[in-house]
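So for the sequence shown, my numbering puts the first residue at 194; every next one is plus one.
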Amino acid sequence: VKGEDKVMAPEEVSSMVLTKMKETAENYLGKEVKHAVITVPAYFNDAQRQSTKDAGTISGMNVLRIINEPTAAAIAYGLDKKTEKNILVYDLGGGTFDVSLLTIDNGVFEVVATNGDTHLGGEDFDQ
């Protein structure tokens with residue numbers, strides 16, 4: 194209510210963002226969006242991943258999977274790759290820097306290692 198403070202859980206705030214994104218997608222596609230795959234930073238722990246999944250559920254979607262952002266980039270790169278390859282994905286975000294090593298073999302993606310720095314990112318270079 195206007196003028197009153199309301200305490201909200203992080204999942205509720207995230208669900209508001211996801212609800213808006215869902216509505217935008219539905220308007221563009223002209224049909225209902227029921228399922229989602231959501232990407233998260235590689236450094237997210239299990240609790241943060243679960244909170245993100247919960248936010249998706251609150252927003253009215255069936256969250257099929259939570260995947261690391263570098264893994265999503267690797268999937269986009271390697272969908273058409275048939276021979277075995279090792280790839281290194283750099284994810285330099287605004288405030289974070291993540292690196293993931295993946296093996297792609299005939300459409301199968303295996304995350305070999307991932308690491309990151311939550312205090313190094315593009316914003317840090319600008320300062």
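Virtual Cβ for every residue (Gly too), placed ideally from N, Cα, C. No experiment lies behind these values; they were computed from the predicted model shown.
Burial state of residue i, where buried means 16 or more other Cβ atoms lie within 10 Å
{"i": "G315", "result": "exposed"}
{"i": "P263", "result": "buried"}
{"i": "G287", "result": "exposed"}
{"i": "K246", "result": "buried"}
{"i": "N261", "result": "buried"}
{"i": "T276", "result": "exposed"}
{"i": "G309", "result": "buried"}
{"i": "G223", "result": "exposed"}
{"i": "A267", "result": "buried"}
{"i": "M201", "result": "exposed"}
{"i": "A306", "result": "exposed"}
{"i": "A235", "result": "buried"}
6 Å CB neighbourhood of residue i in its chain, flanking five on each side removed
{"i": "E216", "result": "none"}
{"i": "L281", "result": "L294"}
{"i": "V226", "result": "K215, A218, E219"}
{"i": "L313", "result": "F290"}
{"i": "I297", "result": "G271, K274, K278"}
{"i": "D284", "result": "E262, P263, D291"}
Same chain, Cβ closer than 7 Å to residue i, neighbours up to 5 away in sequence not counted
{"i": "A248", "result": "E204, S207, S208, L211"}
{"i": "R258", "result": "V230"}
{"i": "T250", "result": "V256"}
Residue-level contact to chain D via CB, residue i, 8 Å cutoff
{"i": "D310", "result": "Any reference to chain D falls outside this structure, which holds one protein chain only."}
Cβ-based neighbour list, residue i, same chain, cut-off 8 Å, excluding 5 preceding and 5 following
{"i": "S244", "result": "P203, E204, S207"}
{"i": "L272", "result": "G300"}
Only counting runs of 4 or more residues, tell me where the alpha helix (DSSP H) segments fall wholly within the region 257 to 312, in order along the chain.
-> 262 to 271
Uninterrupted alpha helix (DSSP H) stretches inside the region 208 to 243 (no shorter than 4 residues) | Runs of the alpha helix (DSSP H) inside the region 208 to 243: none found.
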